[in-house]
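Visitor:
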Amino acid sequence: MRLDFIRQGRIGMEAELRSRQTNAQPEKKPERVDILGVGVDRVSMDDAIRRVRGFLSGNGPRMIVTADSAGVMITRKDPELLSIVRAADLVTPDSSGILMAAKLLGTPLIERVSGIDLAQEICRLCADVGLSIFFLGAAPGVAEAAAVNLTGKFPGLRIAGTHDGFFTDDTPVVEEIRRSGAAALFVAMGIPKQEKWIAAHLGELGVLVAIGIGGSFDVFSGNVRRAPAWMRNHGLEWLHRLISNPRKISKVAHLPRFALMALRERLISRKGREG
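For the sequence shown, counting from 1, position 112 maps to 122 in the working numbering; every step adds exactly one.
#1: Starting from R189, follow the alpha helix (DSSP H) in both directions and report where the run begins and ends.
#2: From P322 to G140, what does the alpha carbon distance come to, in whole angstroms?
#3: Note down, in chain order, each residue of its chain lying with its Cβ closer than 7 Å to the Cβ of P40, except the 5 sequence neighbours on either side.
#4: Between S106, R122, G147, which lies nearest to V229 when the distance is taken from Cα to Cα?
#5: Can you look up S67 in the DSSP assignment and give me helix, strand or coil?
#6: Determine the direct distance from the alpha carbon of T172 to that of P150, and round the result to whole angstroms.
#7: May I ask you to list the residues that DSSP assigns as paired with F145?
#8: For E90, collect the residues of the same chain with a Cβ closer than 7 Å to its Cβ; drop the 5 residues on either side in sequence, then sort them by chain order.
#9: Cα-Cα, which of V184, P202, G200, G125 is closest to H211?
#10: Please report the straight-line C-alpha distance between V43 and D88, rounded to a whole angstrom.
#11: Taking the alpha-carbon of N69 as reference, which of S226, L215, G224 has the nearest alpha-carbon?
#12: Name the DSSP beta bridge partners of D104, please?
#13: Output needed for N233: all residues of its chain with C-beta closer than 8 Å, excluding positions within five of it in sequence on either side, in chain order.
#14: Given this structure, state the Cα-to-Cα distance separating A170 from I278, to the nearest angstrom.
#15: Skipping 5 residues on each side, what residues in its chain have a beta carbon closer than 7 Å to that of R168?
#16: What residue range does the beta strand (DSSP E) around T85 cover?
#17: Using three-state DSSP, classify V158 as helix, strand or coil.
#18: Which class does R134 belong to by DSSP, given the choice of helix, strand or coil?
#19: Please list the terminal residues of the continuous alpha helix (DSSP H) segment that includes V95.
#20: How close, in whole Å, do the beta carbons of V95 and V75 come, if the pair is a contact with beta carbons under 8 Å?
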């Protein structure tokens, strides 16, 4: 009975979303900019939320990828991940490094659309329209704590279920998500595991949209403090993460090489135009 009630509620809210968009013009896909061989969409946060609203009013399933500098470097070396990113319905620019590279390459993006900020906006949207989200990933208890804090921050937000990221058999987890009736899924397993997990099971999950959000549950739960706004605004969030958790040095180590590669691409492009 409870599962039927959840499904009926979701169907009703999806219908409401569709009715709101009946008179709207079909939204064009954003331009996808090439950043060292990896496509990133030219979107603002408002653009991204409009896209998500459209995903939630559609038939699904849709996948969102958030691309930061380290993620681009990892994607370049992983053909499977590159294929997943190319097929994603939305790829957001998730770091100041991505914005810098895009500008350097002559294809500037609008603004940073980070995974953690986008996840919060999806929570706000789902709370507004009455759709639920499933939280998957992080250490035991973290997703639950994140759910408590986010439902307090966004009145009306419904969490369809939570599950930590420590499991060996995907089948019961996929079934739990499907049976929950969730419209959206947040997966916090880190790149590339979260993207590959979503891509492998997207058609079975029953959700309308899924997004990998890395370590965001740790922040939402209160276990990890996010960088102050001034550091985020000046592109220094990576430094705060490194100071807070020196084990992230392997991820931060990608940044100098990423910057050098972007500069090299810029010089090659300039020489080609001059030649």
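Cβ coordinates follow ideal geometry from the N, Cα and C atoms, glycine included.
Guide: Let's see:
#1: 180 to 190
#2: No answer is possible for residue 322: the residues shown for the chain start at 11 and end at 285.
#3: D51, R52, V53, D57
#4: G147
#5: coil
#6: 10 Å
#7: T172, F196
#8: K206
#9: Of the listed residues, the one whose Cα sits closest to H211 is V184.
#10: 19 Å
#11: In terms of Cα proximity to N69, the closest of S226, L215, G224 is L215.
#12: D104 pairs with nothing; no bridge assigned.
#13: V152, A155.
#14: 50 Å
#15: S142
#16: Taken as a continuous stretch (DSSP letters only), T85 belongs to no beta strand (DSSP E), being part of the alpha helix (DSSP H) at 79 to 86.
#17: Of the three classes helix, strand and coil, the one that applies to V158 here is helix, per DSSP.
#18: helix
#19: 89 to 97
#20: 5 Å
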